[in-house]
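Asker: A single structure is presented below for examination.
2 protein chains.
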Amino acid sequence: MTEQLHVEQIGHGPLTGGLSPDEFKLAFRNHPAGVAVITADAGEGPVALTATSVFSVSAEPPILVFSISDQSSSTPTIARSATVVVHLIDAEHLDIAKLGATSGIDRFADTSIWARLPTGEPYFTGVKQWIRGEVIDQLRAGTSTVIAVHALEAKLTGDAVPLVYHSRTWHQLGDHSVIPAP
Amino acid sequence: MTEQLHVEQIGHGPLTGGLSPDEFKLAFRNHPAGVAVITADAGEGPVALTATSVFSVSAEPPILVFSISDQSSSTPTIARSATVVVHLIDAEHLDIAKLGATSGIDRFADTSIWARLPTGEPYFTGVKQWIRGEVIDQLRAGTSTVIAVHALEAKLTGDAVPLVYHSRTWHQLGDHSVIPAP
Chain A
21 MTEQLHVEQI GHGPLTGGLS PDEFKLAFRN HPAGVAVITA DAGEGPVALT ATSVFSVSAE
81 PPILVFSISD QSSSTPTIAR SATVVVHLID AEHLDIAKLG ATSGIDRFAD TSIWARLPTG
141 EPYFTGVKQW IRGEVIDQLR AGTSTVIAVH ALEAKLTGDA VPLVYHSRTW HQLGDHSVIP
201 AP
Chain B
21 MTEQLHVEQI GHGPLTGGLS PDEFKLAFRN HPAGVAVITA DAGEGPVALT ATSVFSVSAE
81 PPILVFSISD QSSSTPTIAR SATVVVHLID AEHLDIAKLG ATSGIDRFAD TSIWARLPTG
141 EPYFTGVKQW IRGEVIDQLR AGTSTVIAVH ALEAKLTGDA VPLVYHSRTW HQLGDHSVIP
201 AP
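Protein chains in written order, with the working numbering: chain A, 21 to 202; chain B, 21 to 202.
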């Protein structure tokens, strides 16, 4: 059944009906998310984009996924890259999240905030936590592509203040936001 | 390149190397997420599970994705269901999120909290916001499956207190968590 739908609707024809774009966006406006900045270089220079669509799907093997919209200028490069760096952004590095979400600028103009890993990928050096991985699969979904990444290497720290994006507003988590046990 | 990796690594052989499961889990412990409860019935009774891996990938057509682990008892049913209900859980309905995350219980024992939609799917009637959709594609990733859903119908409200899961702790967003503009 699923395969059949895949062939008929995603592979060879448009999905019709369902929620309007406005209804759908309204629904997800109330779904908070962590924030990531993804960087890559497919051989033609570094690209970066901010995503609120990163999650882990499997710990063994370690695999994460994220989605990239056809509307982002960085998408063609990321879709062609063999490897990417996924920065998990904390509240202290909100400026990097904003940088990756701003259109029409050179996101790598400030050469003091980024470098290249020994393996060649561009990355933002100040970010406390990132994962470097290999793109292993892609799934087309409407006007976006879901990318699956095998995590190869990471920089990890435990002391970051978590950053959340919700309804076009940036939030930080802390003792103030914890729901007390009943 | 990606297709080749797909065939060699996901389709026909194990991914090797990369982060250990503990390293990978540690990295994502610092990545906050919104909370959803997914319900379905493939014809053998209702199932529910709590997921922190739901995101929208496309507004037109309206498509969301989530991942389900092979370890969850509800996964085989959800993977075989033609349609699902994705409840976007607010802080007031944390009990439903906990219900969907508790193993070894009958999640539908309390018949006062759920019903069936006219189209047949089980859903939790008190939850403020949910999306009913058709499963249109699946992507295997390690020990999980990423499910793509075409959103057909939704109940929407604007006044929910956003719920976030982070590092094994439940948080709520509000004025207290907003990061002030610089």
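Every residue gets a Cβ at the ideal spot worked out from N, C-alpha and C, and that includes glycine.
Mind checking which residues open and close the alpha helix (DSSP H) that includes B/Thr97?
Answerer: Where B/Thr97 is concerned, the enclosing alpha helix (DSSP H) stretches over Thr95 to Arg100.
Asker: In chain order, what residues of the same chain lie with their CB nearer than 6 Å to the CB of B/Gly162, ignoring the 5 residues before and after it?
Answerer: Contacts found: none.
Asker: Sorted by chain position, which residues of the same chain lie with C-beta nearer than 6 Å to A/Val85's C-beta, five sequence neighbours on each side aside?
Answerer: Answer for A/Val85: Val77, Val166 and Ala168, listed in chain order.
Asker: Go to B/Arg160, then tell me how far its beta strand (DSSP E) extends in each direction, as first and last residue.
Answerer: Residues Trp150 to Ala161.
Asker: Strictly below 7 Å CB to CB, what residues from chain A border B/Ala111?
Answerer: Within 7 Å Cβ-Cβ: Ile199.
Asker: Between which two residues does the beta strand (DSSP E) carrying B/Phe144 extend?
Answerer: First-last of the beta strand (DSSP E) with B/Phe144: Pro142 to Phe144.
Asker: What residue range is occupied by the uninterrupted alpha helix (DSSP H) comprising B/Ala10?
Answerer: Since the displayed chain B opens at 21 and closes at 202, residue 10 of chain B lies outside it and no answer follows.
Asker: Could you list the residues in the stretch 38 to 60 of chain B with a C-beta less than 9 Å from some C-beta on chain A, going in chain order?
Answerer: Under the 9 Å Cβ criterion, the stretch 38 to 60 of chain B contributes Gly38, Leu39, Ser40, Pro41, Asp42, Glu43, Phe44, Lys45, Leu46, Ala47, Phe48, Arg49, Asn50, His51, Pro52, Ala53, Gly54, Val55 and Ala56.
Asker: Residues bridged to A/Val181 by DSSP?
Answerer: For A/Val181, which the question treats as bridged, DSSP gives no partner whatsoever.
Asker: Report yes if the CB atom of A/Val106 is closer than 8 Å to the CB atom of B/Pro52, and no otherwise.
Answerer: It is not a contact, given that the beta carbons lie outside the stated cut-off.
Asker: Determine whether the Cβ of B/His107 lies closer than 8 Å to any Cβ atom of chain C.
Answerer: The question asks about chain C, but that chain is absent: this structure's protein chains are A and B.
Asker: Using the DSSP secondary-structure output, state which residues sit across from B/Asp110 in a beta bridge.
Answerer: B/Pro182, per the DSSP bridge assignment.
Asker: Less than 8 Å between CB atoms is the rule here; does B/Gln29 satisfy it with respect to chain A?
Answerer: Here the model assigns B/Gln29 a pLDDT of 35, short of 50, so the residue's position is not dependable and the matter cannot be decided.
Asker: Out of B/Gly120, B/Gly124 and B/Ser87, which one is the CA nearest neighbour of B/Ile133?
Answerer: B/Ile133 has its Cα closest to that of B/Gly120, out of B/Gly120, B/Gly124 and B/Ser87.
Asker: How many angstroms separate the CA atom of A/Leu176 from the CA atom of A/Leu137?
Answerer: The alpha-carbon atoms of A/Leu176 and A/Leu137 are separated by roughly 15 Å.
Asker: Using CA coordinates, which residue listed in B/Pro66, B/Asp115 and B/Asp42 is at the minimum distance from A/Glu80?
Answerer: A/Glu80 has its Cα closest to that of B/Asp42, out of B/Pro66, B/Asp115 and B/Asp42.
Asker: Would you kindly check if the distance between the Cβ of B/Ile98 and the Cβ of B/Ile58 is under 8 Å?
Answerer: Taking 8 Å as the Cβ cut-off, B/Ile58 and B/Ile98 qualify as a contacting pair.
Asker: Whose CA, out of A/Ala135, A/Pro82 and A/Ser94, lies closest to the CA of A/Ser123?
Answerer: Of the candidates A/Ala135, A/Pro82 and A/Ser94, the one whose C-alpha sits nearest the C-alpha of A/Ser123 is A/Ser94.
Asker: Could you tell me whether the Cβ atoms of B/Ser87 and B/Ser164 are closer together than 8 Å?
Answerer: Their beta carbons are under 8 Å apart, which means B/Ser87 touches B/Ser164 by this criterion.
Asker: Quick one: which residues of the stretch 72 to 83 of chain A get their C-beta closer than 8 Å to a C-beta of chain B? List them in chain order.
Answerer: Here the close residues are Thr72, Ser73, Val74, Phe75, Ser76, Val77, Ser78, Ala79, Glu80, Pro81, Pro82 and Ile83.
Asker: Given a threshold of 16 other Cβ atoms within 10 Å of its Cβ, counted over all protein chains shown, does A/Arg152 qualify as buried or as exposed?
Answerer: By the neighbour-count rule (16 or more Cβ atoms within 10 Å), A/Arg152 is buried.
Asker: Is the beta carbon of B/Val198 sitting closer than 8 Å to the one on A/Thr189?
Answerer: A contact, by the Cβ cut-off of 8 Å.
Asker: So for A/Ser197, helix, strand or coil by DSSP?
Answerer: In this structure, A/Ser197 counts as helix in the three-state DSSP scheme.
Asker: What are the residues of the stretch 136 to 151 of chain B that lie near chain A, defined by any Cβ-Cβ distance shorter than 9 Å?
Answerer: Of all residues in the stretch 136 to 151 of chain B, Lys148, Gln149, Trp150 and Ile151 have a Cβ within less than 9 Å of some Cβ in chain A.
Asker: Looking only at C-alpha atoms, which of B/Pro66, B/Asp110 and B/Ala47 sits nearest to B/His191?
Answerer: Out of B/Pro66, B/Asp110 and B/Ala47, B/Asp110 has the C-alpha closest to the C-alpha of B/His191.
Asker: Helix, strand or coil: which one does DSSP assign to B/Leu69?
Answerer: Correct three-state label for B/Leu69: strand.
Asker: With 8 Å as the threshold, decide whether the Cβ of A/Asp126 is near any Cβ in chain B.
Answerer: No, because no Cβ of chain B sits closer than 8 Å to the Cβ of A/Asp126.
Asker: Establish whether the CB of A/Pro96 and some CB of chain B are separated by less than 8 Å.
Answerer: No, A/Pro96 lies away from the interface with chain B (no Cβ there is under 8 Å from its Cβ).
Asker: With a threshold of 7 Å (Cβ to nearest heavy atom), would B/Ile88 be considered close to the ligand HEM?
Answerer: You won't find the ligand HEM in this model; it holds no ligand whatsoever.
Asker: Can you give me the start and stop residues for the beta strand (DSSP E) that B/Gln192 sits inside?
Answerer: Here the beta strand (DSSP E) through B/Gln192 covers Thr189 to Gln192.
Asker: DSSP three-state call for A/Ile116: helix, strand or coil?
Answerer: Correct three-state label for A/Ile116: helix.
Asker: Anything in chain A within Cβ reach of B/Trp134, meaning under 9 Å, just list it in chain order.
Answerer: Chain A residues near B/Trp134: none, gap ~20 Å exceeds 9 Å.
Asker: Would you please verify whether the beta carbon of B/Thr163 is less than 8 Å from any beta carbon of chain A?
Answerer: It does: the Cβ of B/Thr163 has a partner Cβ on chain A nearer than 8 Å.
Asker: Hey, out of A/Glu173, A/Ala201 and A/Val67, whose CA is closest to A/Ile83's CA?
Answerer: Answer by Cα proximity: A/Glu173.
Asker: Skipping 5 residues on each side, what residues in its chain have a beta carbon closer than 7 Å to that of A/Phe75?
Answerer: Around A/Phe75: Leu84 and Val85.
Asker: Using only the alpha-carbon positions, how far apart do A/Pro142 and B/Arg160 sit?
Answerer: Cα to Cα, A/Pro142 sits roughly 28 Å from B/Arg160.
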